[in-house]
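Report on one structure; see the data block that follows.
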Amino acid sequence: METNTRLLTNHQRKHRSRKSLPQFKLTSLRTRLFLFVLVLVIPGILLVLVNANIQRMRDGQTAQQDAQRFARLAANYQNQQIEAGRQLLNVLAQMPYVRSMETTECSQALRDLLTYYPNYTNFSVTDLDGNTFCSANPPPQGMNSVGIAWFDRVLDTSDFAVGDFMVGRVTLKPIVVLAFPVIDETGEMIAIMAIGMNLDWLSTWLGQIDLPNQSTLTIITYDSTILAHYPEGDQDRIGQKMAPSDLLTAATSQNEGTLSLRGEDGRSYFYAFTHSGNETNPTTMIVGIPRAVALAQANRQQAEYLIGLMIFTLAALSLGWLGANLLVIQPIDHLILATEKLAAGDLRARTILPNNTEELDRLAFAFNQLAASLEQREADVDQFTSHLKAEIEERKQMQEALHRFVHRLAEETNAREKAQEADDLKLRFLAMITHELRTPLTSIKGFATTLMADDVEWDHESQVDFMQIIDEETDRLLEMVEQLLDLSQIEAGALRIRRITSNLNEVVAMAMVRFNLLTENHTLQIIVPDQLPLMEIDPQRIMQVLVNLVSNAAKYSPPGTEIILRAKVSDETLLIEVRDHGGGISSEDRSQVFKAFTRAKNNKAKGTGVGLAICKGIVEAHGGRIWILESSAGSGTTIAVMLPIKEPIGVVDQVTDRP
Numbered sequence: 010m011e012t013n014t015r016l017l018t019n020h021q022r023k024h025r026s027r028k029s030l031p032q033f034k035l036t037s038l039r040t041r042l043f044l045f046v047l048v049l050v051i052p053g054i055l056l057v058l059v060n061a062n063i064q065r066m067r068d069g070q071t072a073q074q075d076a077q078r079f080a081r082l083a084a085n086y087q088n089q090q091i092e093a094g095r096q097l098l099n100v101l102a103q104m105p106y107v108r109s110m111e112t113t114e115c116s117q118a119l120r121d122l123l124t125y126y127p128n129y130t131n132f133s134v135t136d137l138d139g140n141t142f143c144s145a146n147p148p149p150q151g152m153n154s155v156g157i158a159w160f161d162r163v164l165d166t167s168d169f170a171v172g173d174f175m176v177g178r179v180t181l182k183p184i185v186v187l188a189f190p191v192i193d194e195t196g197e198m199i200a201i202m203a204i205g206m207n208l209d210w211l212s213t214w215l216g217q218i219d220l221p222n223q224s225t226l227t228i229i230t231y232d233s234t235i236l237a238h239y240p241e242g243d244q245d246r247i248g249q250k251m252a253p254s255d256l257l258t259a260a261t262s263q264n265e266g267t268l269s270l271r272g273e274d275g276r277s278y279f280y281a282f283t284h285s286g287n288e289t290n291p292t293t294m295i296v297g298i299p300r301a302v303a304l305a306q307a308n309r310q311q312a313e314y315l316i317g318l319m320i321f322t323l324a325a326l327s328l329g330w331l332g333a334n335l336l337v338i339q340p341i342d343h344l345i346l347a348t349e350k351l352a353a354g355d356l357r358a359r360t361i362l363p364n365n366t367e368e369l370d371r372l373a374f375a376f377n378q379l380a381a382s383l384e385q386r387e388a389d390v391d392q393f394t395s396h397l398k399a400e401i402e403e404r405k406q407m408q409e410a411l412h413r414f415v416h417r418l419a420e421e422t423n424a425r426e427k428a429q430e431a432d433d434l435k436l437r438f439l440a441m442i443t444h445e446l447r448t449p450l451t452s453i454k455g456f457a458t459t460l461m462a463d464d465v466e467w468d469h470e471s472q473v474d475f476m477q478i479i480d481e482e483t484d485r486l487l488e489m490v491e492q493l494l495d496l497s498q499i500e501a502g503a504l505r506i507r508r509i510t511s512n513l514n515e516v517v518a519m520a521m522v523r524f525n526l527l528t529e530n531h532t533l534q535i536i537v538p539d540q541l542p543l544m545e546i547d548p549q550r551i552m553q554v555l556v557n558l559v560s561n562a563a564k565y566s567p568p569g570t571e572i573i574l575r576a577k578v579s580d581e582t583l584l585i586e587v588r589d590h591g592g593g594i595s596s597e598d599r600s601q602v603f604k605a606f607t608r609a610k611n612n613k614a615k616g617t618g619v620g621l622a623i624c625k626g627i628v629e630a631h632g633g634r635i636w637i638l639e640s641s642a643g644s645g646t647t648i649a650v651m652l653p654i655k656e657p658i659g660v661v662d663q664v665t666d667r668p
């Protein structure tokens, strides 16, 4: 009994010595409870961050929608102003003092009328020769309207027309001229009525809408000239070209859209744009809402929520620390002390002394002596079960990883193939640019430098020869650029086709001069019936196809050989064939020669590799088809073009979709 009492006293001294210092070890129950409370709060922090991010996304989408709505409102308002001008012109064109073409009476009436319409800069009436005989404001001496957009458009269409938007040289204010034909009693057009409309409506319109603070509104023409800009502090930009940017590229290449970009002032904006007006004279409305303004409420809410959550977290941690000490730690300390006393043989031990030692470890050690055998058996079972579960889980993870690997491998293979195709096209384009464009530029530079040399005096004949070479190389360079422009329009689906009533006989007649130049060293045989049916075609574009095909035939066939251009009508279609006696096209190249920047491998002649691609785009824009009819090594190639024959309907102007 004395030994037990001495042992108990030693345990009590150990507990008191451990209690003297606070414990912050990770194995401490107090620390674990503190971390547990902290872990409970972390999901709340994450939830606040996620919700704030979702709210910012929603506010951003709302800002983009608002910007799109304001852009459309601006476009609609401008269209309404133009429509009001058209209706006013329709009324004025029927007035007797306008139809009478009497200068004094008409000018006085228009001057009186101008005082009631402050939004218009002038009213005028012009005869069909372009001379202004009636005007509210006297025109400059010798002024003639022939060649001006609004005059020519009304003269061509005999209908209402809108001139090109422009910025006044003195007022720096945007204006546009609206014009309307004046028709007499017999239905003949005798004059053109025009009004100059002041586009300074932006300030009035902005007062009617609730545009967000610090937002911008810019109106540009088809050539990127700034017509109007809000806020008004940037009025010196009126009449200037809008700086090239991703925003300008998107606004000029799409009908309407939204995007998030950094503005010229360095701030991020939500932009939206849309077009207004007709195809011949469009304007683009661009509205920008600052990202900081659009997301201000969401950012403020996030800050408020985070501050509140931090205060709550600090309070919870403080209360958790105190509560754990009073409600958990002290009772466990008493239990540990009593357990140690029982292990020492003191059956009268009670949990009456608080302590502050490593609670769970000591409690586990005391009970391990009582349950060692059972614990060992349970440990063996747990070890086997854990090993089995781990093996099953490992196999599941390996199977899932294998599935993910196969899926990722397939995606990477597909992406690699697409990237390789894009790289091949880029390399072909760069190779063409490097070689084909550099050659004429080198010639131009060389001969120009030679002509300008100070140490050599050239006779007139040599100078003419040099200038002739420079002119030819310039024409060659211009032809390459025009081909690239045509190809870019075809790829963008913007190739313009102007259909008129014509036939292939007229096209061949127009192209004869080009044919003769291209086939100086060859024999060109044209087999075309005298009376081919009328068709709805663009003669210039079809001539471009024929010249391209004949040029290729001459380029890839030996001098002195025969080139045959044949046409015939078959089953409501016109079939055109161009045959040469060149080296032919291999079967593996036939499916590739109509692609841009692609040339047959055995062709050594110079070329950009875009001619057949342009031919294909033009033919398909006419609803036709182009293909290699036959080709064999050493016996030449025949390329066929099929065009549908339709009932002629006159002039039709269209823009083709991407083929």
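First residue of the sequence shown? That's 10 in the numbering used here, and the numbers climb one at a time after it.
Where a beta carbon is used, it is the ideal one built from N, C-alpha and C, also for glycine.
Requested in this report: Determine the closest residue to residue 682 out of 117, 405 and 310, with distance taken between C-alpha atoms.
Outcome: In the structure as shown, the chain begins at 10 and stops at 668. Residue 682 is therefore absent and cannot be evaluated.
Report task. Say whether the stretch 192-211 touches the stretch 258-267, bearing in mind that this needs 3 or more beta-carbon pairs closer than 8 angstroms, one atom from each stretch. Result -> no
Requested in this report: Let me know the secondary structure DSSP gives residue 645 once reduced to three states.
Outcome: As a working note, residue 645 is residue 636 in the sequence shown. Note: residue 645 maps to strand in three-state DSSP.
Query - Anticipated Cβ contact below 8 angstroms, residue 635 with residue 625, distance rounded - result: As a first step, residue 635 is located in the sequence shown; it is residue number 626 there, counting from the start. As a first step, residue 625 is located in the sequence shown; it is residue number 616 there, counting from the start. With 8 angstroms as the limit, residue 635 and residue 625 qualify as a contact, their Cβ atoms being about 5 angstroms apart.
Query raised in the report: Per the contact definition of three or more C-beta pairs closer than 8 angstroms, is the stretch 224-238 in contact with the stretch 152-171?
Result: no
**Report entry** Validate contact between the stretch 88-97 and the stretch 292-300 using beta carbons, cut 8 angstroms, 3 pairs
**Finding:** no
Query - Residue burial classification, residue 99 (beta-carbon count within 10 angstroms, cutoff 16) - result: Here the question's residue 99 lines up with position 90 in the sequence shown. Exposed.
Query - Span of the alpha helix (DSSP H), counted from its first residue to its last, around residue 471 - result: Numbered from 1 along the sequence shown, position 462 holds the residue referred to as residue 471. Residues 469-500.
Query raised in the report: Contact between the stretch 71-89 and the stretch 274-281: three or more CB pairs below 8 angstroms?
Result: yes
Query raised in the report: With respect to the beta strand (DSSP E) encompassing residue 147, which residues constitute its N-terminal and C-terminal limits?
Result: By 1-based counting over the sequence shown, the position of residue 147 is 138. Premise fails: residue 147 is in no beta strand (DSSP E) and is neither H nor E.
Requested in this report: List the endpoints of the continuous alpha helix (DSSP H) containing residue 548.
Outcome: By 1-based counting over the sequence shown, the position of residue 548 is 539. Counting along the chain, the alpha helix (DSSP H) containing residue 548 begins and ends at 548-564.
**Report entry** Segment contact flag, the stretch 522-539 with the stretch 563-574, C-beta cutoff 8 angstroms, min 3 pairs
**Finding:** yes
Query raised in the report: Below 8 angstroms between beta carbons: does that hold for residue 7 and residue 46?
Result: An answer regarding residue 7 cannot be provided, because it is not within the stretch 10 to 668 covered by the chain.
Query - Alpha carbon of residue 113 to alpha carbon of residue 149, nearest angstrom - result: As a first step, residue 113 is located in the sequence shown; it is residue number 104 there, counting from the start. As a first step, residue 149 is located in the sequence shown; it is residue number 140 there, counting from the start. Rounded to whole angstroms, residue 113 to residue 149 spans 17 angstroms at the Cα level.
Query - Residue nearest to residue 136 in terms of C-alpha spacing, selected from 126, 121, 110 and 130 - result: Residue numbering aside, residue 136 sits at position 127 when the sequence shown is read from its first letter. It is 110.
Query raised in the report: Are the stretch 502-512 and the stretch 474-490 touching, with three or more C-beta to C-beta distances below 8 angstroms?
Result: no
Requested in this report: Answer yes or no: do residue 554 and residue 524 have a C-beta to C-beta separation smaller than 8 angstroms?
Outcome: As a position in the sequence shown, residue 554 is number 545, starting the count at 1. As a position in the sequence shown, residue 524 is number 515, starting the count at 1. Not in contact: residue 554 and residue 524 (Cβ atoms no closer than 8 angstroms).
Query raised in the report: Would you report the Cα separation of residue 545 and residue 496, rounded to the nearest angstrom?
Result: As a position in the sequence shown, residue 545 is number 536, starting the count at 1. As a position in the sequence shown, residue 496 is number 487, starting the count at 1. One C-alpha to the other measures close to 23 angstroms.
Query raised in the report: Looking only at its own chain, which residues have a Cβ that is under 8 angstroms from the Cβ of residue 152, when we skip the five neighbours before and after it?
Result: Within the sequence shown, residue 152 is the residue found at index 143, counting from 1. 141.
Query raised in the report: Smallest Cα separation from residue 527: which of 556, 648, 551 and 516?
Result: Taking the sequence shown and counting its residues from 1, the one referred to as residue 527 is at position 518. The shortest Cα separation from residue 527 among 556, 648, 551 and 516 belongs to 556.
Requested in this report: Counting only the same chain and skipping the five closest in sequence on each side, list residues whose C-beta sits under 6 angstroms from that of residue 480.
Outcome: Reading the sequence shown from its first residue, position 471 is the one you call residue 480. The answer is none, since no qualifying residue turns up.
Report task. Would you mind reading off the limits of the beta strand (DSSP E) that contains residue 265? Result -> As a working mapping, residue 265 is identified with position 256 in the sequence shown. Element bounds for residue 265: 265-271.
Report task. Would you mind sorting residue 290 into buried or exposed? The rule is 16 or more other CB atoms within 10 Å of its CB. Result -> Translated into the one-based positions of the sequence shown, residue 290 becomes position 281. Buried, by the Cβ-count rule.
Query raised in the report: Secondary structure at residue 246, three-state DSSP: helix, strand or coil?
Result: Taking the first residue of the sequence shown as position 1, residue 246 is located at position 237. Looking at residue 246 - three-state DSSP - the assignment turns out to be helix.
Query raised in the report: Which value, in whole angstroms, describes the spacing of the CA atoms of residue 144 and residue 257?
Result: Here residue 144 is taken as the residue at index 135 of the sequence shown, counted from 1. Here residue 257 is taken as the residue at index 248 of the sequence shown, counted from 1. Each residue's Cα considered, the two are about 38 angstroms apart.
Query raised in the report: How about residue 125 and residue 206: are their beta carbons less than 8 angstroms apart?
Result: To locate residue 125, count along the sequence shown from 1; it is residue 116. To locate residue 206, count along the sequence shown from 1; it is residue 197. For residue 125 and residue 206, no; Cβs fall outside 8 angstroms.
Query raised in the report: For residue 530 versus residue 569, is the C-beta distance shorter than 8 angstroms?
Result: Translated into the one-based positions of the sequence shown, residue 530 becomes position 521. Translated into the one-based positions of the sequence shown, residue 569 becomes position 560. A contact, by the Cβ cut-off of 8 angstroms.
**Report entry** Secondary structure of residue 134, DSSP reduced to three states
**Finding:** By 1-based counting over the sequence shown, the position of residue 134 is 125. The answer is strand: DSSP assigns residue 134 an E or B state.
Query raised in the report: For residue 165, which residues from the same chain have a beta carbon less than 6 angstroms from its beta carbon, with the 5 sequence-adjacent residues on both sides left out?
Result: Within the sequence shown, the letter at position 156 stands for residue 165. Closer than 6 angstroms at the Cβ level, and outside the excluded window around residue 165, lies no residue.
Requested in this report: Kindly give me the distance between the Cβ atoms of residue 250 and residue 262, rounded to whole angstroms, as I take these residues to be in contact under 8 angstroms.
Outcome: The residue labelled residue 250 in the question sits at position 241 within the sequence shown. The residue labelled residue 262 in the question sits at position 253 within the sequence shown. Incorrect: roughly 17 angstroms between the Cβ atoms, too far for contact.
Query raised in the report: Among 585, 66 and 51, which has the Cα closest to the Cα of residue 304?
Result: Here residue 304 is taken as the residue at index 295 of the sequence shown, counted from 1. Comparing Cα positions, the closest option is 66.
**Report entry** Whole-number beta carbon distance between residue 547 and residue 507, since they are thought to touch under 8 angstroms
**Finding:** Taking the sequence shown and counting its residues from 1, the one referred to as residue 507 is at position 498. Taking the sequence shown and counting its residues from 1, the one referred to as residue 547 is at position 538. About 5 angstroms separates the two Cβ atoms, so the contact holds.
**Report entry** Boundaries of the beta strand (DSSP E) in which residue 629 is found, first to last residue
**Finding:** In the sequence shown, residue 629 corresponds to position 620, counting from 1. Here residue 629 belongs to no beta strand (DSSP E); instead the alpha helix (DSSP H) covers 620-630.
**Report entry** Three-state secondary structure assigned by DSSP to residue 284
**Finding:** Translated into the one-based positions of the sequence shown, residue 284 becomes position 275. Of the three classes helix, strand and coil, the one that applies to residue 284 here is strand, per DSSP.
Query raised in the report: What residue does the beta strand (DSSP E) around residue 207 start on, and which one ends it?
Result: Start at 1 with the first residue of the sequence shown, and residue 207 comes out as number 198. Counting along the chain, the beta strand (DSSP E) containing residue 207 begins and ends at 198-207.
Query raised in the report: What does DSSP give as the partner residues of residue 297 in its beta bridges?
Result: In the sequence shown, residue 297 corresponds to position 288, counting from 1. The partner list for residue 297 (beta bridge, DSSP) reads 225 and 280.
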